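Inspection log for the structure reproduced underneath, given as structure tokens.
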Amino acid sequence: MQYSQGRLGRVFLVKFENKDDILKSLEGFVKKEGLKNAVLVFLGAFRRGQLVTGPKKAVVPPEPNWKPFDGGWEVMGVGTVFSGKKGPQIHMHAAMGKKDKALTGCVRKKVDVFLVIEAVVFELKGIKARKEIDPKTGLNLLRILR
């Protein structure tokens with residue numbers, strides 16, 4: 083286990099609107115506000131997109147299992163933002179439901195908002211961490227710095 087202690091900085095209330103690409107919009111917001119480390123919670127609805135619902139097989143490196151969805155799904159989720167070589171790196175997971183179906187997974191590609199997503203973004207100050215390519219897995223993973 084690794085850890086880094088910090089404190090809360092700014093707190094933002096963010097409203098994503100109908101047909102917004104949530105990752106693209108969030109990335110723009112993070113860059114505009116200069117957020118290096120943050121955590122967010124959100125709720126609302128997704129219109130369409132794809133989630134990664136785990137690996138196809140439990141091997142390293144894993145091959146993602148992509149699950150498309152469409153038609154407006156209720157959603158809630160959490161995410162983190164940590165800096166990497168390419169700037170802010172967003173890692174977001176969502177649990178979604180529509181009628182009697184449910185999906186849970188990682189939001190990685192274009193996902194459109196249906197009606198509204200309300201999010202609260204908490205800036206983390208004093209945290210010493212980065213997103214970097216892990217040599218063992220080849221994945222872009224969190225690295226706690228000392």
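Those letters in the sequence shown? Residues 83 to 228, by my numbering. Every residue gets a Cβ at the ideal spot worked out from N, C-alpha and C, and that includes glycine. Source: prediction; values computed, not measured.
Can you grab the Cα-Cα spacing for the pair residue i / residue j, in whole Å?
i: H175; j: T186; result: 7 Å
i: P146; j: K192; result: 16 Å
i: E109; j: L122; result: 13 Å
i: V163; j: P170; result: 6 Å
i: S107; j: A127; result: 15 Å
i: K181; j: A211; result: 40 Å
i: L206; j: V96; result: 17 Å
i: G88; j: F204; result: 12 Å
Shortest alpha-carbon distance to residue i belongs to which of the options?
i: K118; options: G208, T219, V160 and V198; result: G208
i: W148; options: K167, I104, K139 and G154; result: K139
i: Q132; options: G116, K114, K168 and W155; result: W155
i: A197; options: V157, L105 and V134; result: Residue 197 is actually Leu in this sequence, not Ala. Comparing Cα-Cα distances from L197 to each of V157, L105 and V134, the minimum goes to V157.
i: S165; options: V141, Q84 and E214; result: E214
i: D194; options: K183, Q84 and I104; result: I104
Within this structure, are the beta carbons of residue i and residue j separated by less than 8 Å?
i: A201; j: F98; result: yes
i: S86; j: I172; result: no
i: P137; j: P144; result: yes
i: F233; j: G159; result: It is not possible to answer for residue 233, since the shown part of the chain is limited to 83 through 228.
i: R129; j: K167; result: no
Please report whether the beta-carbon of residue i lies at a distance below 8 Å from any beta-carbon of chain B.
i: M174; result: Protein chains in the displayed structure number just one, and chain B is not present.
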